[in-house]
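Accompanying notes for the structure given below.
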Amino acid sequence: TGLEPQKAGIAPDDTATFVAFCRSELGLAIEGLMCIPPADENPGPHFALLRKLARECGVEKLSMGMSGDFETAVSFGATSVRVGSAIFGSR
436 TGLEPQKAGI
446 APDDTATFVA
456 FCRSELGLAI
466 EGLMCIPPAD
476 ENPGPHFALL
486 RKLARECGVE
496 KLSMGMSGDF
506 ETAVSFGATS
516 VRVGSAIFGS
526 R
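If you use the working numbering, the sequence shown corresponds to residues 436 to 526, in order.
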């Protein structure tokens with residue numbers, strides 16, 4: 436959702452087309468979407484956008500949020516969070 440050059444993925448504006456292609460042309464069952472917001476930005480708008488995209492695509496699972504922002508992610512509907520550094524410490 437942050438359009439960072441160092442992160443690969445699907446641009447938000449291309450999500451619906453990509454999900455439809457995966458379903459119709461590849462026969463894939465897309466179950467969820469994920470995002471990792473830019474570290475220097477408020478994650479809330481990114482989580483809100485991912486939730487909106489998921490609803491538009493009929494996708495139920497949202498993987499978003501890490502140790503520092505998982506509570507915000509859960510408030511936006513996260514079904515999976517990554518909390519490794521909260522458990523194991525920083526690298």
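By construction, the Cβ of each residue, glycine as well, lies at the ideal position given by its N, Cα and C atoms.
Residue range of the unbroken beta strand (DSSP E) whose run includes residue i
i	result
leucine 497	496-501
Bridge partner(s) assigned by DSSP for residue i
i	result
glycine 467	Lys496
serine 515	Ser498
Integer-rounded CB distance, given that residue j should sit under 8 Å from residue i
i	j	result
valine 516	glycine 500	4 Å
valine 494	valine 454	7 Å
Cβ-based neighbour list, residue i, same chain, cut-off 6 Å, excluding 5 preceding and 5 following
i	result
threonine 450	Leu488
cysteine 492	Ala451, Val454
proline 472	Gly437, Pro478, His481
Contact set for residue i: own chain, Cβ-Cβ below 7 Å, skip 5 residues either direction
i	result
leucine 484	Thr436, Pro447
arginine 486	Leu497, Phe511, Gly512
Neighbourhood of residue i by C-beta, 8 Å cutoff - its chain only, sequence neighbours within 5 removed
i	result
arginine 458	Ala464, Ile465
alanine 513	Phe482, Leu497, Ser498, Met499, Gly500, Phe505
lysine 442	Ile471
Continuous alpha helix (DSSP H) stretch holding residue i: start and end
i	result
serine 510	505-510
arginine 458	450-459
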